[in-house]
Amino acid sequence: MPTWLLFVLIILVFSLVAAWIVRRLLDVEVGWLRSFLTALVVFLVASPIALWTLREAEIYVDGEFVAPAGVAVGFVAVTIGWMFAVVVIAVETLEFLWPSHRLRNPISVVRDAIRRRDRARRYAQIVAIGSRHGLTFYESRRRGDAELPTALVSAMNEAGVTFVKLGQVLSSREDVLPPALIDALSTLQMDSSPIPWAEAQAAIIDQLGAPLEQVFAEIDPQPLAAASVAQVHAARLVSGEDVVVKIQRPRARAQVTTDLDILDRLAADAEARTDWAKDYGLHALVTEFARGLREELDYRTEVANSELLRAAIAGDSDSSLRIPRMYREYCTDRMIVQELVGGTPFSRLQPGALPSDLAVEIADSLVDAVIDQVVVRGIFHADLHPGNLILDDEARAGDAAGTPVAPQTITLIDFGSVGIVESSMRRLLVPLLVGMANEDDVAVTDAALLMCGRPSGDFDAVTLQRDIGVILTRLHNARSDENVFRLLLDVL
6 MPTWLLFVLI
16 ILVFSLVAAW
26 IVRRLLDVEV
36 GWLRSFLTAL
46 VVFLVASPIA
56 LWTLREAEIY
66 VDGEFVAPAG
76 VAVGFVAVTI
86 GWMFAVVVIA
96 VETLEFLWPS
106 HRLRNPISVV
116 RDAIRRRDRA
126 RRYAQIVAIG
136 SRHGLTFYES
146 RRRGDAELPT
156 ALVSAMNEAG
166 VTFVKLGQVL
176 SSREDVLPPA
186 LIDALSTLQM
196 DSSPIPWAEA
206 QAAIIDQLGA
216 PLEQVFAEID
226 PQPLAAASVA
236 QVHAARLVSG
246 EDVVVKIQRP
256 RARAQVTTDL
266 DILDRLAADA
276 EARTDWAKDY
286 GLHALVTEFA
296 RGLREELDYR
306 TEVANSELLR
316 AAIAGDSDSS
326 LRIPRMYREY
336 CTDRMIVQEL
346 VGGTPFSRLQ
356 PGALPSDLAV
366 EIADSLVDAV
376 IDQVVVRGIF
386 HADLHPGNLI
396 LDDEARAGDA
406 AGTPVAPQTI
416 TLIDFGSVGI
426 VESSMRRLLV
436 PLLVGMANED
446 DVAVTDAALL
456 MCGRPSGDFD
466 AVTLQRDIGV
476 ILTRLHNARS
486 DENVFRLLLD
496 VL
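According to my numbering, the sequence shown is numbered sequentially starting from 6.
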């Protein structure tokens, strides 16, 4: 065997064995590449020194071992042992000065770099939007608290889908935010600026995978409505049915992905640095918000929810609710085609547009239907803001004599969020509601503990019952418009 080949084999064997020993000896996880390269360098540097030592000790002379075999083997073993020790010391020093990391997947590296770029760009956009609407520290102090809610809502509308949805969630937190801000955030449930028809048309064609004329006999370029995530166009199928086409904004999903990444990082950082974020479980709240928003962006979930809700109320002939038909063959994860619904959204009903008696009858009918969904069916629409309720125009037109009549139909739309209440929970909801109606603090306390679970450790049930009784008595006597369920949750 050539000498150079033998030398190469010895180097490789030593380096591999040394790397394996180092990884086994050290407590920290060291990469194979670092261990192997360190052992290789140590061997190349130490080999001339080892040979010089063997020659000086007259063990290795003129390319041959001249000392007795036992002495030669022992001396070589000690030399190799010291080389192993030097490898361990060298790796340990490198780990102290420059801790090693596992080699990352190149795809993950590129993806993370793109995300960092997107986050930086989005941060810049958000700061620019806030500055334009006077949300800088100086401008906020100069303009005063009275103008802050309006400026904040304008900025959130411009910032896009995620911030509009976040504002809608915050608009229901009367227990945390002041009334002026709640009123302002509630306007985020109104219409948003539509995207140009050319952009919407291209998105529809992309989702259909076919020319428009192959599916639609006609389609109105002017949108019926434009929301934060999508906009709706009236159309007619080639088969003659009048429908609406709900098409997702082309850039909505990418923007939401970046925004949720930013919110997740901010929430995690806030929990690590502040007590209030940890107490509120901010990161868990953001995670749940992100999950719901991602589901809302997948319209296949909405189509499935609509079919689920339609089946749940199909057996109730007295229900005033109606679910529009979905044309599933044309629905995708970013587009929905459903039947055209006539009527007026509750959000566009002006005060006094309906006689008070009729308005009360409509409200009672809606509340009865919702309670039936929650308590009896166990399937309910979980996003019943005024824009998702459409009143049948017959209720406003009246009968032949012009007298307003009760509505035959209230149509529900937008099924991105549908709640499910299991049978065991529904059996507890009825006693809870009856107990609240009768101001029975004992029944309400028992039902609440069965629903939420009895706390472990020291627990004073008498004090809890007394606190619940105070809430029920105050609400019954003051006829307050406070949210009883939120008050109960605060007590629990």
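Even glycine gets a Cβ: it sits at the ideal position worked out from N, Cα and C. All values derive from a computational prediction rather than experimental measurement.
One or two residues paired with E246 in a DSSP bridge: According to DSSP, which records beta bridges pairwise, E246 is partnered with nothing at all.
With a floor of 4 residues, list each alpha helix (DSSP H) that falls wholly inside the segment 22 to 69, ordered by position along the chain. Counting only runs of 4 or more, we get 37 to 61.
7 Å CB neighbourhood of L175 in its chain, flanking five on each side removed: Cβ neighbours of L175 within its own chain (closer than 7 Å, five residues either side excluded): L182 and L190.
Tell me whether I15 is buried or exposed, calling it buried when 16 or more other Cβ atoms sit within 10 Å of its Cβ. Exposed, by the Cβ-count rule.
According to the neighbour-count rule (16 or more other Cβ atoms, all chains shown, within 10 Å of its Cβ), is V158 buried or exposed? Per the 10 Å Cβ criterion, buried.
Here's a check: name, in chain order, each residue in its chain whose Cβ is nearer than 8 Å to the Cβ of V5, leaving out the five neighbours to either side. Within the shown structure, residues of the chain are numbered from 6 to 497, placing residue 5 beyond reach of any answer.
Going straight from the alpha carbon of V166 to that of L242, what length do you get? CA-to-CA, the gap between V166 and L242 works out to about 30 Å.
Closest by CA to P228, which one among V375, V250, D446 and D211? From the listed residues V375, V250, D446 and D211, the smallest Cα separation to P228 is found for V250.
Taking 7 Å as the limit between beta carbons, can you name the residues of its chain near V380, skipping five residues before and five after? Closer than 7 Å at the Cβ level, and outside the excluded window around V380, lie R431, L434 and V435.
Would you mind listing the alpha helix (DSSP H) stretches within the segment 330 to 385 that are 4+ residues and don't spill past its ends, in chain order? If we require 4 residues or more, the alpha helix (DSSP H) runs fully inside the segment 330 to 385 come out as 361 to 376.
Does the contact criterion of 3 or more C-beta pairs under 8 Å hold for the segment 124 to 133 versus the segment 255 to 268? Cβ pair count under 8 Å is three or more, so yes.
Since I131 contacts A185 with CB under 8 Å, what's their CB separation in whole angstroms? The pair is not a contact, with the Cβ atoms about 23 Å apart (cut-off 8 Å).
If distances are taken between C-alpha atoms only, which option among P73, L30, E61 and V248 comes closest to F89? Distances from the alpha-carbon of F89 to those of P73, L30, E61 and V248 put L30 closest.
By DSSP, does L287 sit in helix, in strand, or in coil? Helix, per DSSP.
Compute the Euclidean distance between the alpha carbons of N482 and R353, then round it to the nearest angstrom. Cα to Cα, the separation comes out at about 34 Å.
Residue-level contact to chain C via CB, I210, 8 Å cutoff: Within the model displayed, chain C is absent; a lone protein chain is all it includes.
With a threshold of 16 other CB atoms inside 10 Å of the CB of V365, please say whether the residue is buried or exposed. Label assigned to V365: exposed.
Contacting residues, own chain, Cβ-Cβ under 6 Å from D388 (five flanking each side not counted): The beta carbon of D388 sits closer than 6 Å to those of S422, all from its chain and outside the five residues before and after it, given in chain order.
Thinking Q236 and I210 are a contact (beta carbons under 8 Å), I'd like their distance in whole angstroms, please. The distance from the Cβ of Q236 to that of I210 is about 15 Å, inconsistent with a contact at the 8 Å cut-off.
As assigned by DSSP and simplified to three states, the class of Q227: Q227 falls in the coil class under three-state DSSP.
Which residues in the same chain as D338 place their Cβ atom closer than 7 Å to its Cβ, once the five residues preceding and following it in sequence are excluded? Only D303, Y304 and R305 meet the Cβ criterion.
Residues sharing a beta bridge with Q236, DSSP: Partner(s): A231 and I252.
Mind checking who G297 pairs with in its DSSP beta bridge? Under DSSP, G297 shares a beta bridge with no residue.
In chain order, what residues of the same chain lie with their CB nearer than 6 Å to the CB of A295, ignoring the 5 residues before and after it? Closer than 6 Å at Cβ, skipping near neighbours: L265.
Beta-carbon gap between E444 and L469 smaller than 8 Å: No, the pair does not count as a contact, with Cβ atoms beyond the cut-off.
Using the C-alpha atoms, what's the distance from G347 back to I425? Rounded to the nearest angstrom, the two C-alpha atoms are 28 Å apart.
Within the same chain, show all residues whose beta-carbon is closer than 7 Å to that of G407, passing over the 5 residues directly before and after it, in chain order. Any reading at G407 needs caution, since the residue's pLDDT is 49, under 50, leaving its predicted position unreliable; the model's value is listed next. Excluding positions up to five away in sequence, the list is empty.
Can the beta-carbon of F221 be found less than 8 Å from the beta-carbon of A240? Here F221 is near A240, since their CB atoms are less than 8 Å apart.
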